[in-house]
Each structure stands twice: as structure tokens, then as C-alpha cells.
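So the sequence shown is numbered by my numbering: it starts at 240 and just counts up by one. Glycine included, each C-beta is placed from N, C-alpha and C at the ideal position. Since the structure comes first, as C-alpha cells, the remarks are kept for the end.
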Amino acid sequence: TWMSLDVSPDGQTIVFDHLGDLFSVPITGGKATPLTKGMAVDAQPRFSPDGKKIVFVSDKSGGDNVWTLSLDLKDTTQITMGNNNLYASPDWSPDGNYMVFSRSPGLGGVAKLFVSHIEGKAPMPLGRPPLPQKTIGAAWSPDGQSIYFTEADAGQQLHLYRVNRNGGAPHEVVIRSWDYGAPVGRLV
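The following block contains the structure:
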């Protein structure tokens, strides 16, 4: 199965998804501890910078949304609302106060980046036009000032972009072309 995983900031724990549930396991190995279970499909977990929570995508509300879960299992919070969008690749800002994720209006829809405060305020679109289409895989820079993301174009190229967290036009950083199976990257 396709799995997502993340390593805790202290390097001691792995959190991962498997068959629609979330688990944690010591980095040294051992028995996995279930964090979620049930009918909902929970996926794409990422540790908060302090290692006390994870952000993930779940359909437990009847449709895809972004959620947080405290690792003591005492607090689960729905960050995004509504059941008509698909979400992917949630990631925490380095200060732990914001999240970035891709949102599309359904299968085949154009995925765009959004930023949301952890208190679940309405997500705001990131950047200004012209924005790349089909964005996914967002990640914050270590200083929290930029967000990197990828776009797959209609050809056989992957593009890596950087955009300021406060908006502005994205800047293309790398293009990766596929020539008969051999990746060829170039800086832009």
C-alpha cells in the first residue's frame, strides 16, 4: 500500500498511516501503537514542531478535511470544514501556528495551496496569479518565510516552486525532466 510517514522532532518516534489508520512506533522498532481506528480513512500524518500533535487528512466528517490529533489522544480538532474538497500534503509551519496543504474541488480538479491557522480559521489561498496548476507536496522552509511545492505539468516535467508565506508570485526553483527514464534536473 502507499504509506506516508514522519519522524518526530526528537528523532525517537515514527508516525505512519496504514490501511486508513494512523500508528506510532519507536524509531528503534517494536510494536506499532494505533492512534486512530475505525471506518474513517486517516492518512498523511505530520508531526508538529513540538512533537505533541500530528496533522493529517481524514474523511471522518463525511468528506476529506484536515485534522489535528494530540499524541496523548485527548484532543482531535477539525481544521477545515465542508465535505466537497480533497486535501493532500498537510505540513506545519516551523512555529507550529499554521499549516499549508493542497486543496482541490474533487477528483480531477485543480489543486491549489492554502494556509490555515491551527485554530481553524478559514483557509487562505497562497500566492497570487499566475499560480501553477495541480500543486502538491507543500513544505515550509526551516525559517518559516517560504513554502516550497511541486507541480506536475501535462508533459513529463516536475517543477519545484518557492513562494513567500505572505503571498506574492511563486518562483520556479527546479525543473526535473524525464528522458527515457533518466531524471535530468536543472536550476532555473
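Asked, Found
"Note down, in chain order, each residue of its chain lying with its Cβ closer than 8 Å to the Cβ of L346, except the 5 sequence neighbours on either side.", "L325"
"Hey, how far is the Cα of T389 from the Cα of G269?", "34 Å"
"Please report how far the alpha carbon of D281 lies from the alpha carbon of G407, in whole angstroms.", "32 Å"
"Give the straight-line distance between the Cα atoms of S263 and T272, rounded to the nearest whole angstrom.", "5 Å"
"Output the boundary residues of the beta strand (DSSP E) element that contains E358.", "Run containing E358: none; DSSP gives neither H nor E here."
"Measuring straight from C-alpha to C-alpha, what distance separates K299 and A327?", "15 Å"
"Leaving out five residues on either side along the sequence, give the residues of the same chain with a beta carbon under 8 Å from the beta carbon of D289.", "P248 and G335"
"Taking the C-alpha atoms as reference points, what is the distance between V349 and L258?", "26 Å"
"Is the beta carbon of T319 closer than 8 Å to that of V305?", "yes"
"Does the distance from the C-beta atom of S243 to that of D260 stay below 8 Å?", "no"
"Going straight from the alpha carbon of Y337 to that of P362, what length do you get?", "10 Å"
"Does L258 come out as helix, strand or coil in the three-state DSSP assignment?", "coil"
"Return the first residue and the last residue of the beta strand (DSSP E) that N304 is part of.", "N304 to S309"
"Can you give the Cα-Cα distance for R342 and S332, rounded to whole angstroms?", "17 Å"
"So for Q251, helix, strand or coil by DSSP?", "coil"
"Is it right to say D311 is buried, meaning 16 or more other beta carbons lie within 10 angstroms of its own, or is it exposed?", "exposed"
"May I have the straight-line CA-CA distance separating V246 from R285, to the nearest angstrom?", "8 Å"
"Beta carbon of R404, beta carbon of I375: below 8 Å?", "no"
"Rounded to whole angstroms, what's the CA-CA distance from F295 to D303? Just pull it up for me.", "10 Å"
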